[in-house]
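The next block holds one structure in the form of structure tokens; read it before the comments.
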């Protein structure tokens, strides 16, 4: 009965902790491996113009929500200019203004992006736009449009295939007189070109719009904006290549602005130039996940330690490893049966090793415990009371460490200096316990237990210093619940210990 | 390895984890531990129900009281000093002779009154107690053990451990000090464990350091086939201890005094598992048999009845 209770509880805890961990990995992209790198994109828009010494107002469309991407950060560089950001038709517009400016002016807008992990994005069903009214096409344009629409309609089944067909007809049929007529004066692929398609589509009462965007490529540097067509089929907007008529968007397409409004307007300046450039920046996944979580206002972040001040974080990096150490002690004692001084002494010794490095730690430990033990036996002869004797050992241990530090400093060993951080109380306790065990159960038992403690401490040291474990426990503190489950299971373990297989060998016949 | 696990399981060997989880934790309520961990309390309890124990000469509770050592000792020549909360036979000092203020330990070494006092102060300071808490020192009658053991015990006092499960004796062994165990009857310090048949009180086989032996390592006397005198009385005494401290999984340590017969030395709430090695048998079948018996009979059984059950329950 009790067993079922424990099993249910332990399974529940493990599932719960792994579920939280999985959620964090899949939505925030917290890396499973430490030091994983990803890249964030930086898109910079540079506006250059000549001011003429009059008031200047610059309006630039900037992205609002970008499907498939999260805006980590943005910044505006504009000396002397006042800045305001308005939301116009769900697009954002940055407005720089200055009372008087003369000469060459440069304004920058910088955007940091990270790709979303989940494809879904926000496919909220936006209210379908009203179909546009049929424009009053002038002749002979009107008949050319009619002609084109008619031939495309014959070759298509639904809105998208119709538009695809229409676009490809407009592009490819250069021999076609009606297409040529519509083409006239407009270069394929430009803003105007997309607008013209929209204009023609209005003839079929199909809502369409111009979308400007940037394709993220590995080659950093100046990248022109790409003009794209979007068509609404009554349910959702769908991208159409304005050149080939094929459905969809280019890979790594970052939507910059939507709509026919000009991207950039400037009052009080001329010789205007707008450039976009892209650069890619490697960044640790952890940072990106952190920024992403903040941008998403995720509650999951509450469960990571990245919010805490750095000093506190560093303490938790160590504290979170202690249950792992406890797990090692549990395994060693319950499953294997290695004797140790106290239950958690090996963990404390392992923590001390962290400060000295392992080999030095073991060497110093043996040296100090050995000489402390000798002193303790000498004090035994003086027949002192327990507490004063313990204190005497403590004082002598500190003196011993002081000497070692001075000596190592003289000899230019830098390791000796760390010894000061070596937890003194732990050593004193080890000495005391070992000497009692020695006088009571003999040297063999004392050595066995001392060696057992050191062995467990060494294993604990390696486990606690493992990069992966440290990373996992720091990123996913909920793993502590998994540890709790393991402890519950270990607590109900009734099998033999490894050393009992030897101890009871006479009975195994 | 798995082969060995299977073999041990077939032999019904109980491991430490199983002992703790299946027997100690469910049957031994924590609150009762104090009764058996404190040897003074055990002694008083035992005396109140008429169970024989070694006579208490004196009790030293604080360093100040150790000044009274002389008056407590009077002119006693033999006595034992031990911690009230000791474990595993640690901190026990057996004095078997005296010349004025010079004492002779059981192994013949000499110890003066100052070292004696220092030992007591160590006990008071908690050196030998569980968890290092301050303790009390007991001075009590030194058992003059039955001559049966003269030829098979090195210096110390041999004792008999009876494992009493749910009030019914489950297994017993005789523990003999050796040279290596320094006169202590503790198996993992090198003492000899000798299995005893519950039915007949005869020794069955002997082990030392977890290995089967036939003769005492120091004297070479045979250890098998000896009869423990007054076995039924001894078993009854062990069984009655369950009424003293109703711990379901109880180890009772008994000494056989030449004149006084069986005396209760101490009780243990988490008795060790070496008893299985000494008897060459796993505990599991016996514990299962007792469980089965308890499940069938709801009647109250007297200590006499329960002591007799041990002889019949395990064929």
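Protein chains in written order, with our numbering: chain A, 48 to 556; chain B, 3 to 317. Positions of the beta carbon are idealized from the N, C-alpha and C atoms, including for glycine. Note that the structure is predicted; figures quoted are calculated from it, not measured.
May I have the straight-line CA-CA distance separating residue i from residue j, to the nearest angstrom?
| i | j | result |
| --- | --- | --- |
| residue 97 of chain B | residue 428 of chain A | 20 Å |
| residue 177 of chain A | residue 254 of chain A | 7 Å |
| residue 475 of chain A | residue 447 of chain A | 12 Å |
| residue 172 of chain B | residue 210 of chain B | 21 Å |
| residue 188 of chain A | residue 229 of chain A | 7 Å |
| residue 329 of chain A | residue 85 of chain A | 6 Å |
| residue 97 of chain A | residue 145 of chain A | 14 Å |
| residue 141 of chain A | residue 155 of chain A | 11 Å |
| residue 309 of chain A | residue 331 of chain A | 37 Å |
| residue 168 of chain A | residue 298 of chain A | Below a pLDDT of 50, predicted positions are generally treated as unreliable, and residue 168 of chain A, at 46, falls in that range; no measurement from the model is reported. |
| residue 255 of chain B | residue 266 of chain B | 6 Å |
| residue 105 of chain A | residue 93 of chain A | 12 Å |
| residue 236 of chain B | residue 62 of chain A | 55 Å |
| residue 208 of chain B | residue 174 of chain B | 12 Å |
| residue 103 of chain A | residue 317 of chain A | 11 Å |
| residue 73 of chain A | residue 336 of chain A | 10 Å |
| residue 248 of chain A | residue 162 of chain A | 33 Å |
| residue 93 of chain B | residue 198 of chain B | 28 Å |
| residue 257 of chain B | residue 77 of chain B | 24 Å |
| residue 325 of chain A | residue 203 of chain A | 39 Å |
| residue 433 of chain A | residue 140 of chain B | 18 Å |
| residue 507 of chain A | residue 395 of chain A | 10 Å |
| residue 407 of chain A | residue 364 of chain A | 23 Å |
| residue 294 of chain B | residue 548 of chain A | 28 Å |
Leaving aside the five residues before and after residue i along the sequence, list all residues of the same chain whose C-beta is less than 7 Å from its C-beta, in chain order.
| i | result |
| --- | --- |
| residue 503 of chain A | 375, 376, 379, 385, 387, 393 |
| residue 199 of chain A | 209, 212, 213, 216 |
| residue 158 of chain B | 96, 108, 179, 185, 186, 187 |
| residue 383 of chain A | 544, 545, 546 |
| residue 351 of chain B | Outside the shown range of chain B (3 to 317) lies residue 351 of chain B, about which nothing can therefore be said. |
| residue 237 of chain A | 274 |
Below 8 Å on the Cβ atoms is my guess for residue i versus residue j; work out the distance and round it to an integer in Å.
| i | j | result |
| --- | --- | --- |
| residue 75 of chain A | residue 113 of chain A | Incorrect: roughly 18 Å between the Cβ atoms, too far for contact. |
| residue 54 of chain B | residue 248 of chain B | The pair is not a contact, with the Cβ atoms about 20 Å apart (cut-off 8 Å). |
| residue 68 of chain B | residue 142 of chain B | In fact, because the Cβ distance is near 16 Å, the residues do not count as touching under 8 Å. |
| residue 543 of chain A | residue 279 of chain B | Not confirmed; about 14 Å, so no contact. |
| residue 525 of chain A | residue 68 of chain A | 6 Å |
| residue 125 of chain B | residue 109 of chain B | At roughly 19 Å, the Cβ-Cβ gap does not stay under 8 Å, so residue 125 of chain B and residue 109 of chain B are not in contact. |
| residue 481 of chain A | residue 397 of chain A | Wrong, their Cβ atoms sit about 18 Å apart, outside the cutoff. |
| residue 284 of chain B | residue 14 of chain B | 3 Å |
| residue 204 of chain B | residue 228 of chain B | 7 Å |
Does DSSP put residue i in a helix, in a strand, or in coil?
| i | result |
| --- | --- |
| residue 54 of chain A | helix |
| residue 146 of chain A | coil |
| residue 316 of chain B | coil |
| residue 168 of chain B | coil |
| residue 204 of chain B | strand |
| residue 272 of chain B | coil |
| residue 106 of chain A | strand |
| residue 326 of chain A | strand |
| residue 551 of chain A | coil |
| residue 85 of chain B | strand |
| residue 224 of chain B | strand |
| residue 281 of chain B | helix |
| residue 383 of chain A | helix |
| residue 87 of chain A | strand |
| residue 168 of chain A | Model confidence at residue 168 of chain A stands at a pLDDT of 46, short of 50, so the residue's coordinates are unreliable; what they give is reported in the following sentence. In this structure, residue 168 of chain A counts as coil in the three-state DSSP scheme. |
| residue 62 of chain A | helix |
| residue 417 of chain A | helix |
If I measure Cβ to Cβ from residue i and keep anything under 6 Å in the same chain, skipping five residues before and after, which residues do I get?
| i | result |
| --- | --- |
| residue 220 of chain B | 156, 180, 181 |
| residue 151 of chain B | 160 |
| residue 295 of chain A | 286 |
| residue 338 of chain A | 119 |
| residue 153 of chain A | 95 |
| residue 319 of chain A | 96, 313 |
Does any heavy atom of the ligand FAD sit closer than 7 Å to the C-beta of residue i?
| i | result |
| --- | --- |
| residue 97 of chain B | Looking at this structure, you won't find the ligand FAD or any other ligand, since it has none at all. |
Inside the stretch 283-316 of chain A only - beta strand (DSSP E) runs reaching at least 3 residues: 284-287, 300-305, 311-314
Runs of alpha helix (DSSP H) lying entirely within the stretch 420-495 of chain A, each at least 4 residues, in chain order: 433-457, 462-465
Segments assigned alpha helix (DSSP H), at least 4 residues, entirely inside the stretch 115-178 of chain B: 115-127
Entirely enclosed alpha helix (DSSP H) segments - the stretch 27-72 of chain B, minimum 4 residues: 35-39, 41-50
Runs of alpha helix (DSSP H) lying entirely within the stretch 217-262 of chain A, each at least 4 residues, in chain order: 224-230, 238-249
Within the stretch 485-544 of chain A, ranges of the alpha helix (DSSP H) (whole runs, at least 4 residues): Within the stretch 485-544 of chain A, the complete alpha helix (DSSP H) runs of at least 4 residues are 514-522, 526-538.
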